[in-house]
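Quick notes on the structure that follows.
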Amino acid sequence: MRRPYIAGNWKMHKTCAEAAAFAALLRDALDDAPHTVMVAPPFTALAAVSEVLKGSAILLGAQNMAAEETGAHTGEVSVLMLEELGVSAVILGHSERRHTYGETDELINAKVKLALAHGLTAILCIGETLDEREAGLVTAVVERQLEKGLQGVREAQLNGVVIAYEPVWAIGTGRTATPDDADSVHRVVRNKIAALYSKRAADDMVIQYGGSVKPDNAAGLMAKPNIDGALVGGASLKPESFIPIARFDRG
Ligand code: PGA
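Be aware that the sequence shown starts at 77, since it is given in our numbering, and climbs by one per residue.
So this is what it looks like as structure tokens:
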């Protein structure tokens, strides 16, 4: 059985002090949440949030990491530094990294493999732009991003992989894919995992949906058979929106 996984991506929001205070609030409200819950603060707040979440069921995530362990990489953050802070999951290939910062499938693949080699959960983000959707390329794009993102990853390592399907046109726009639309792409993802690995790997793969997930649409999305959780941006920044999403009830 796949356990639902709700992740909050705080992006470039919250100072250290703000992040620690918010994490304390979430710790008290979500420690007994019925689903896996993760928060990904900015790098600068990881140490403070890690301290607050010590002993809590909420997992600590990072929003990105370098593709190398050490070296002359000004401005980058290493997996070794994340591990030291108690980070257990890392978001990789987020559309803002792909489209604003030019990350390629090859670079993202190197990061996925490095994260897995260190025992971190790699949340591999995939998803089409509006132009790609309108050109009928959704399946081609997500299949390519999956195939390239997972190149060289062995089936035995897949328990450390979560896929996040995030249609770029739905991120931060208030436009959400309908539950049926999202579920049909999640089915494409699951079938591609079956083709690349096995039916069993596909059945076990946790596939999150991301893109304007809010308290009022979360349960409807999560009720779909192929949607196993959410990667939440804007609504993860406030307790009144993140807590109900993290506690969603399929009914
Ligand atoms: P959003 O962001 O919930 O603000 O649309 C989702 C994401 O970027 O992961």
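Glycine included, C-beta positions come from ideal geometry on N, C-alpha and C.
(request) Specify, as a first and last residue, the run of the beta strand (DSSP E) that L168 falls within. (result) In the sequence shown, counting from the first residue as 1, residue 168 sits at position 92. It spans A165 to L168 - the beta strand (DSSP E) in which L168 sits, taken as one unbroken run.
(request) Provide the residue span of the alpha helix (DSSP H) that contains V244, from first to last. (result) Taking the sequence shown and counting its residues from 1, one reaches residue 244 at position 168. Note, V244: premise wrong, no alpha helix (DSSP H); not H, not E.
(request) For the ligand PGA, enumerate in chain order all residues having a CB closer than 6 Å to any of its heavy atoms. (result) N85, E242, I247, G248, G286, G287, S288, V289, L307, V308, G309, G310 and A311
(request) Answer yes or no: do L122 and L129 have a C-beta to C-beta separation smaller than 8 Å? (result) Translated into the one-based positions of the sequence shown, residue 122 becomes position 46. Translated into the one-based positions of the sequence shown, residue 129 becomes position 53. In this structure, L129 does not lie closer than 8 Å to L122 by Cβ.
(message) Please report the distance separating the alpha-carbon of E231 from that of A277.
(response) On the sequence shown, position 155 is the one that residue 231 refers to. On the sequence shown, position 201 is the one that residue 277 refers to. Cα to Cα, the separation comes out at about 7 Å.
(message) Please return the same chain residues whose Cβ sits closer than 8 Å to the Cβ of I319, not counting the five positions on each side in sequence.
(response) To locate residue 319, count along the sequence shown from 1; it is residue 243. Cβ neighbours of I319 beyond the five flanking positions: L102, A105 and L106.
(message) Just to confirm before moving on: does the CB-CB distance between G286 and I247 stay below 8 Å?
(response) Looking up residue 286 in the sequence shown gives position 210. Looking up residue 247 in the sequence shown gives position 171. Against a cut-off of 8 Å, the Cβ pair of I247 and G286 comes out as a contact.
(message) The alpha helix (DSSP H) that contains K221, what's its start and end?
(response) To locate residue 221, count along the sequence shown from 1; it is residue 145. As written in the sequence, residue 221 is Gln, which differs from the Lys given in the question. Residues V214 to G225.
(request) Measuring alpha carbon to alpha carbon, tell me which of P80, R173, R266 and D279 ends up nearest A142. (result) Locating residue 142 in the sequence shown gives position 66, where the first residue counts as 1. With distances taken between Cα atoms, A142 lies closest to R173.
(message) Measuring alpha carbon to alpha carbon, tell me which residue in T120, A99, S126 and H194 is nearest E145.
(response) Working through the sequence shown from its first residue, we reach residue 145 at position 69. Of the candidates T120, A99, S126 and H194, the one whose C-alpha sits nearest the C-alpha of E145 is H194.
(request) Look at the alpha carbon of A96 and the alpha carbon of Q139, and state the distance between them as a whole number of angstroms. (result) One-based indexing of the sequence shown puts residue 96 at position 20. One-based indexing of the sequence shown puts residue 139 at position 63. Answer to the nearest angstrom: the Cα atoms are 17 Å apart.
(message) Tell me the DSSP secondary structure of N85 in three-state form.
(response) Within the sequence shown, the letter at position 9 stands for residue 85. Here N85 sits in strand by DSSP.
(request) Indicate whether P80 and G236 have their beta-carbon atoms separated by less than 8 Å. (result) Counting from 1 along the sequence shown, the entry for residue 80 is found at position 4. Counting from 1 along the sequence shown, the entry for residue 236 is found at position 160. Not a contact, by the Cβ cut-off of 8 Å.
(request) Starting from the Cα of G162, find the closest Cα among Q227, F98 and I134 and give me that residue. (result) For the purposes of this step, residue 162 is taken as residue 86 along the sequence shown, with counting starting at 1. Out of Q227, F98 and I134, I134 has the C-alpha closest to the C-alpha of G162.
(message) Whole angstroms are fine: how far does the CA of T252 sit from the CA of P110?
(response) Start at 1 with the first residue of the sequence shown, and residue 110 comes out as number 34. Start at 1 with the first residue of the sequence shown, and residue 252 comes out as number 176. For P110 and T252, the distance between alpha carbons rounds to 24 Å.
(request) Return the chain-ordered list of same chain residues with a C-beta closer than 7 Å to the C-beta of T120, the five sequence neighbours on each side being excluded. (result) One-based indexing of the sequence shown puts residue 120 at position 44. Once the five neighbours on either side are set aside, the close Cβ partners of T120 are C92.
(message) Just verifying my parser: in three-state terms, what is the DSSP assignment at I303?
(response) Walking along the sequence shown from the start, residue 303 turns up at place 227. Three-state result, I303: coil.
(message) For a test of the three-state rule: what should DSSP assign to M281, helix, strand or coil?
(response) Your numbering for residue 281 matches position 205 in the sequence shown. Reduced to three states, the DSSP call for M281 is coil.
(request) Can you tell me which of A299, G310 and L313 puts its alpha carbon nearest to the alpha carbon of R326? (result) Stepping through the sequence shown from its first residue, residue 326 is reached at position 250. For the residues A299, G310 and L313, the minimum Cα distance to R326 belongs to A299.
(request) Pick helix, strand or coil for G286, following the three-state DSSP scheme. (result) On the sequence shown, residue 286 is found 210 positions in, with the first residue counted as 1. Looking at G286 - three-state DSSP - the assignment turns out to be strand.
(message) Can you give me the C-alpha to C-alpha distance between E208 and E94, rounded to a whole angstrom?
(response) By 1-based counting over the sequence shown, the position of residue 208 is 132. By 1-based counting over the sequence shown, the position of residue 94 is 18. Cα-Cα distance, rounded: 38 Å.
(request) Mind checking who C201 pairs with in its DSSP beta bridge? (result) Within the sequence shown, residue 201 is the residue found at index 125, counting from 1. Answer by DSSP bridge pairing, in chain order: A240.
(message) Within the continuous alpha helix (DSSP H) that includes L156, where are the two ends?
(response) Counting from 1 along the sequence shown, the entry for residue 156 is found at position 80. That run of the alpha helix (DSSP H) goes V155 to E160.
(message) Measuring only the C-alpha atoms, how far is D257 from I303?
(response) Reading the sequence shown from its first residue, position 181 is the one you call residue 257. Reading the sequence shown from its first residue, position 227 is the one you call residue 303. Rounded to the nearest angstrom, the two C-alpha atoms are 11 Å apart.
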